[in-house]
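Student:
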Amino acid sequence: MATVATGPSSERLSSFNPATGELIASVPIHTGAEVDAVVARARIAAQTWGTRSFEARSEELTAFRKALAAHADELADLIHRENGKPELEALTEVMMALGHVQHATGRAETAMEPRRVSAGLLANYRATISYHPLGVIGVIGPWNYPLFTPMGSIAYALAAGNAVVWKPSELTPLVAVRVAEIAAKTFALPDLLQVVTGAGSTGAALARSAVDKVAFTGSAATGKRVMMAAAERLTPVLLELGGKDPMIIADDADVEKAAEACVYGALTNTGQACISVERVYVADALHDRFVTAVVDEVRKLKVGGDDGHLGAMTSAAQVAIVKDHLEDAVAKGAKVHTGGPDAISGNYIQPTVLTGVDHRMKVMSDETFGPVIPIQRVASLDEAVQLANDTTYGLGSSVFAGKAARSIAKRLRAGMTSINSVMGFAGIPSLPFGGIGDSGFGRIHGDEGIREFTRIKSTAEQVMSIPMNMMSFRQPKNMPKQIRGMIKQLYGEGVVAKAGDFLRKLRG
Ligand code: NDP
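Just so we're aligned: the sequence shown equals residues 0 to 507 in numbering that gives the first Met the number 0.
#1: What is the rounded straight-line gap between the Cα of G134 and the Cα of N123?
#2: Does at least one heavy atom of the ligand NDP sit under 7 Å from the Cβ of V421?
#3: Taking the DSSP output, what are the residues bridged to L192?
#4: Who are the Cβ neighbours of T312 in its own chain at under 8 Å, not counting the five residues just before and after it?
#5: Roughly how many whole angstroms lie between the Cα atoms of S379 and A96?
#6: With a threshold of 7 Å (Cβ to nearest heavy atom), would E169 be considered close to the ligand NDP?
#7: Using C-beta distances below 7 Å, list every residue in its chain close to F147, excluding the 5 sequence neighbours before and after it, in chain order.
#8: Out of K476, K331 and Y392, state which residue places its alpha-carbon closest to the alpha-carbon of L411.
#9: Can you grab the Cα-Cα spacing for the pair R450 / H286, in whole Å?
#10: Answer yes or no: the CB of E368 versus the heavy atoms of the ligand NDP, is any distance below 7 Å?
#11: What is the rounded straight-line gap between the Cα of G338 and the Cα of P373?
#12: Is it buried or exposed, L233, if we count other Cβ atoms within 10 angstroms and call 16 or more buried?
#13: Ignore the nearest five residues each way along the sequence and tell me which others in S13's own chain have a CB closer than 6 Å to its CB.
#14: When burial is assigned at 16 or more other CB atoms within 10 Å of the CB, is A44 buried or exposed?
#15: What first and last residue would you give for the beta strand (DSSP E) that runs through A24?
#16: Could you check whether P428 and H29 sit closer than 8 Å to each other, using their CB atoms as the reference points?
#17: Spatial neighbours of G202 within its chain, please: C-beta separation below 6 Å, excluding the five flanking residues on both sides.
#18: Could you please give me the residues that DSSP links to K334 through a beta bridge?
#19: With a 10 Å radius around its C-beta and 16 neighbouring C-beta atoms as the bar for buried, classify T367 as buried or exposed.
#20: Sort D389, A403, A408 and K402 by Cα distance to S508 and report the nearest one.
#21: Based on DSSP bridge pairs, tell me the residues matched to S13.
#22: State yes or no: is the C-beta of S25 nearer than 7 Å to some heavy atom of the ligand NDP?
#23: Runs of 4 residues minimum, wholly inside the stretch 345-407: which ones carry the alpha helix (DSSP H) assignment?
#24: Roughly how many angstroms separate the alpha carbons of G222 and V210, rounded to a whole number?
#25: Can you tell me the Cα-Cα spacing of V462 and R125, whole angstroms?
#26: Can you grab the Cα-Cα spacing for the pair D357 / H444, in whole Å?
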């Protein structure tokens, strides 16, 4: 039985198993006032946590990671039951989330190390950039990876010295509630990682609250609403939105390997991943062989059941989006090889392979977020790249190719690219993760993902006095002449290349 969050709210939100319709448990619907109170408590925790040494934080984060690992089966079971994904995928998600806690813990001190930079013209200064915790981070998580995705912000925010208030999706609140209980027992500051539950309005309240940054994962439409709410206080936002990730198969690719990767990349998590392979462009010469290999691979997959490769879709609303995209594609002339709009039963969708698709179809332009592999034939690599970039999104992408692989990758307008693999970038914690355009902005993971939750401080320290003090009104009469000389020497036709050299020359 899942643990039920407690709180003063009288209204409650139920969490159902999308595979069976069974009620799992209910959680409070936190009001705006309750969210504000939670944020206020988090701020007190942040004040202490933020001044602790990296070593002290690392000790507590390591204890937290170990406590989560000790509950791995329980967390995976909650994810499996709330989200509908197979147990194996749920357990993998827990493992990947723990990898981020470990990585962020280990990297924080290095990523936030103060840096000396050139002082330029002010060569008598010591110039330093340093990184400091922001305070309280509001994390609004999605339902597709209810632990892994938010942990990509939470772990990095905590490691950088912040407190976190986490609002999980109303579809998957229980795993978050359990993680918060574990956190409260592990951290010396019980308010360091808190969870507020409820529907979109609770998320909106968090975005409007006094947090110092909002890290949001979800749709572009909701991301815009979050940004507008945060704008009321000029709170910065990090947006991890959806994608329409392209995959390009060049004519010298290994067809079998490309097909195997394509099927996994498109269908893992039942296609409900922001970095799912959402559309495939295959060189004319390989198209038919590739389609046959993909269809053969898809026919081996089992949908549903304890040993299924694909689980239930997480919500009926998402099933409706996928059905709409499939019907639209078929109406516009796509050919169905497996699955299709009629192969949907309740929250289960048979994996669907489509050919004869083009960019007029929703399945090639809008985020489908379901188990669909639309394959388009292309005449050249240029056409593949042009079509791949023909999107308002720009999250992930993948290329299967021989010698041209890196040059194709370079031309893809996306935040991340995998070469001869799919989703490789998501499994490497040191690589920053994020997109451009409608896929959002800001980065989680990697050193950039740690610094995302810091404020940058620039310090200019005068370490010696020089006769020519630019920061003073007490200037000699010949100052204009000296400045003209400097302009000529430094930026015009003079011989002195660096400001430091100039000042040394001036000092004699
Ligand atoms: P949303 O973007 O609406 O939900 C994401 C998160 O935002 C949830 O926690 C949700 O809470 C919360 N939320 C909803 N409204 C607000 C608001 N006004 N202010 C603050 N937070 C809010 O996703 P949907 O469930 O509607 O999914 C629709 C589409 O979004 C999918 O088809 C898919 O294309 C895309 N998507 C992309 C994801 C990704 O990983 N990039 C993840 C999920 C969806 P609650 O669930 O309680 O409403």
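Ideal Cβ positions, reconstructed from N, Cα and C, are used throughout, including at glycine.
Tutor: For this structure:
#1: 33 Å
#2: no
#3: V163
#4: In the sequence under discussion, the amino acid at residue 312 is Met, which differs from the Thr named in the question. Here the set comprises P17, G83, T269, Q271, V318, V321, N346, Y347, I348 and G369.
#5: 39 Å
#6: yes
#7: E92, M95 and A96
#8: Y392
#9: 43 Å
#10: Before going further, note that residue 368 is Phe rather than Glu in the sequence given. Within the cutoff, so yes.
#11: 12 Å
#12: exposed
#13: L22 and S25
#14: buried
#15: L22 to P27
#16: no
#17: I139 and K166
#18: T354
#19: buried
#20: Examination of residue 508 is not possible in this model, given that the chain is present from 0 through 507 alone.
#21: S25
#22: no
#23: 361-364 and 380-387
#24: 16 Å
#25: 6 Å
#26: 34 Å
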